[in-house]
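Residue numbers (our numbering): 205 to 437. Only one structure is covered here, and it is reproduced in the block below.
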């Protein structure tokens, strides 16, 4: 188990914001909203009984069970954002903005200037799954315009990943609830979800679409060229 890193990043003027926020506001081929209650997780036999990580109950002790899963990587991103401007929380030391994993928070979507904290936990289960848990804080913060989660599926799940699923943890029932599923851009490995309307625990996986082989087509970086860009950019 690796020790968690704490990283605080400041926005680089308006360049990062304009690069990541503006394109996301005009719609994309590979962007998905939430709330389709017809979505149901498909069984992938990850535990031999037709259930995967996000189909099992989750509690405070879930990650402490060595026979259940192991934390591969964990880190924390901290960013102070002004309500009038919004901004971007870049994940895991991303340098290539075109394929950067990020949380995009829209201007005037929250009431007051806020210090945002994201804990990212990348997991490897006993069955070889690679689910990711995002704990967004302040817990319970509501957005008037949804935040946008950018996912580099090739970096997270391997170059064969073709879809990404987004889950929200219902802490009353301790059950993960499927919120959305979207296809991965086959040219860039990127996927987007434009439906995070509040902060709590969220999670992603590849829905069993990847064999979890090394990420990226050539160098294992998962960059795979330019990122998926919304229509009109």
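No residue lacks a Cβ here, since even glycine has one placed at the ideal position from N, Cα and C.
Residues near residue i by beta carbon distance below 7 Å, same chain, minus five either side
{"i": "residue 311", "result": "288, 289, 290"}
{"i": "residue 333", "result": "250, 256, 257, 409"}
{"i": "residue 365", "result": "357, 358, 388, 410, 413, 414"}
{"i": "residue 403", "result": "340, 341, 342, 343, 344, 345"}
{"i": "residue 263", "result": "378"}
{"i": "residue 381", "result": "371, 372, 374"}
{"i": "residue 314", "result": "287, 345, 347"}
Closest by C-alpha distance to residue i, when choosing among the options
{"i": "residue 278", "options": "266, 322, 302", "result": "322"}
{"i": "residue 294", "options": "393, 260, 353", "result": "353"}
{"i": "residue 390", "options": "368, 265, 379", "result": "368"}
{"i": "residue 392", "options": "401, 362, 380, 381", "result": "362"}
{"i": "residue 336", "options": "401, 285, 299, 305", "result": "305"}
{"i": "residue 328", "options": "395, 309, 276", "result": "276"}
{"i": "residue 355", "options": "267, 296, 380, 274", "result": "296"}
{"i": "residue 324", "options": "282, 263, 381, 401", "result": "282"}
{"i": "residue 303", "options": "313, 395, 266", "result": "395"}
{"i": "residue 407", "options": "274, 330, 326", "result": "326"}
{"i": "residue 330", "options": "274, 266, 265, 263", "result": "274"}
Neighbour-count burial assignment, residue i, 16 or more Cβ in a 10 Å radius
{"i": "residue 414", "result": "buried"}
{"i": "residue 376", "result": "exposed"}
{"i": "residue 397", "result": "buried"}
{"i": "residue 418", "result": "Because the pLDDT at residue 418 is just 39, under 50, the model does not fix this residue reliably, and the value given afterwards should be weighed accordingly. It counts as exposed."}
{"i": "residue 259", "result": "buried"}
{"i": "residue 360", "result": "buried"}
{"i": "residue 228", "result": "Legend: pLDDT at residue 228 = 43, less than 50; position of this residue unreliable, no value from coordinates given."}
Other residues of its chain near residue i: CB distance less than 6 Å, five sequence neighbours each side excluded
{"i": "residue 316", "result": "287"}
{"i": "residue 405", "result": "339, 373"}
{"i": "residue 284", "result": "319"}
{"i": "residue 401", "result": "347, 350"}
Supposed contact pair residue j and residue i - C-beta distance, whole angstroms, cut 8 Å
{"i": "residue 378", "j": "residue 261", "result": "5 Å"}
{"i": "residue 308", "j": "residue 292", "result": "5 Å"}
Review point. Can you list the alpha helix (DSSP H) stretches of 4 or more residues lying completely in the segment 353-415, in chain order?
Key: 357-361
Exercise for review: Ignoring anything shorter than 3 residues or poking outside the segment 257-310, list the beta strand (DSSP E) runs there in chain order.
Suggested key: 273-285, 291-294, 306-309
**Study point:** Completely contained beta strand (DSSP E) runs for the segment 307-332, where each covers 3 or more residues
**Key:** 318-329
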